[in-house]
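> Numbering (the numbering used here), first residue to last: 430 to 780.
Cβ coordinates follow ideal geometry from the N, Cα and C atoms, glycine included.
Predicted model only: the values in this text are computed from it and were never measured.
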Ligand SMILES: [Zn+2]
Ligand SMILES: [Zn+2]
């Protein structure tokens, strides 16, 4: 199959025309990839990050974890899907047997296997999904593949974070720090559930897109003290603040933007500079009764709620896509993320 292959860390992925296709196990499925979203996580993997999380794949490897497409092959034990079905593939793969999967929280499965990391991913023509009955989600005909590409990662991660984890409600102030794919999705989702959203980024073009996603106010993080600007605009601070990037500055700015009893949502995973650790003002957090909440992926059973909002037009994941590219252009787009060179989100189309 054709594939962009990560052969070594800190080198661009290489296009191969005859890479070996993934093999289907008895409970698995092989997906003919129609579209794959380009994610900041791809950049993290390409530069060799996340060894501290145990997420470094063995190279060479075909990464890509934001893919949608049609089922090309199912294992002998798969009951719920057949060849030709349109599917979205959540990156978090549940084992089905651990305490977390049995409790309905496959996104925090004890095995921690992620599509595109533990399996062959969406930068190849065919991608591998483990335990298809547990881990695939049917995609309605009305949702286009390019629009759905982010639903396996950034869009559903933001939905789970905003709706399930911090439970944003109508009229609350929400600050989103970082307006990449995750941040733009979080803005649209928080807006759709009735919050007033403030978007923060260092790039004015990203802030323009943030306004289109529903932000009522934007702050350029390069223009001064972010937390003070948020507190001044909201007359005291926000109810919910989201670190949608995962560097020390955005994490701290997010916590410092909260009012008393506020909830900080951490979506972004950190970079080499932090290796998972960020200093935070814990005395202030105690005195203000702040909450720190993490979020990762989303369990398949929650897709119904999100897809209902997509089909009714309240959520429009297609609006944050700024370019659709062929696979040949993916390596350069990922490289440009190191210098925050992208605005909105990019999707690789395999069609
Ligand atoms: Zn992603
Ligand atoms: Zn599990």
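1. Just the Cα atoms here: how many angstroms apart are residue 548 and residue 569?
2. Near residue 766, which residues of its chain fall below 7 Å by C-beta distance, leaving aside the five closest residues on each side in sequence?
3. Would you mind working out which of 454, 664 and 437 sits nearest residue 562, comparing C-alpha positions?
4. Residues around ligand 1, please: the ones whose beta-carbon is closer than 6 Å to some heavy atom of it, in chain order.
5. Which residue wins for smallest C-alpha separation from residue 459, given the options 730, 550 and 644?
6. Identify which residue in 602, 696 and 462 has its Cα closest to the Cα of residue 667.
7. Does residue 591 come out as helix, strand or coil in the three-state DSSP assignment?
8. Measuring straight from C-alpha to C-alpha, what distance separates residue 648 and residue 733?
9. When you compare each of 612, 539 and 575 to residue 583 by their alpha carbons, which one comes out closest?
10. Run through the stretch 539-623 for me and flag every whole alpha helix (DSSP H) of 4 or more residues, listed as ranges in chain order.
11. Any chance you could list the residues with Cβ under 7 Å from a heavy atom of ligand 2, keeping chain order?
12. Is it the case that the stretch 616-626 contacts the stretch 582-601, given that we only count it when at least three CB pairs across the two stretches are under 8 Å?
13. Cα-Cα, which of 457, 466 and 489 is closest to residue 438?
14. Measure the beta-carbon distance from residue 574 to residue 464 and round it to whole angstroms, keeping in mind my assumption that it falls under 8 Å.
15. How close, in whole Å, do the beta carbons of residue 518 and residue 581 come, if the pair is a contact with beta carbons under 8 Å?
16. Does the separation of the CB atoms of residue 598 and residue 515 fall below 9 Å?
17. Return the CA-CA distance between residue 697 and residue 627, expressed in angstroms with no decimal places.
18. Considering only the beta carbon of each residue, do residue 738 and residue 593 sit closer than 9 Å?
19. What does a CB cutoff of less than 6 Å around residue 660 pick up in its chain, not counting 5 residues either side in sequence?
20. For residue 506, count neighbouring C-beta atoms within 10 Å of its own C-beta (all shown protein chains included) and say buried if the count is 16 or more, exposed if not.
So, from the listed chains and residues:
1. 25 Å
2. 469 and 472
3. 454
4. 468, 470, 494, 495, 582 and 583
5. 550
6. 602
7. helix
8. 34 Å
9. 612
10. 561-564, 574-577, 583-588 and 610-621
11. 523, 524, 525, 526, 527, 529, 530, 535, 538, 539 and 540
12. yes
13. 489
14. 4 Å
15. 5 Å
16. no
17. 17 Å
18. no
19. 666
20. exposed
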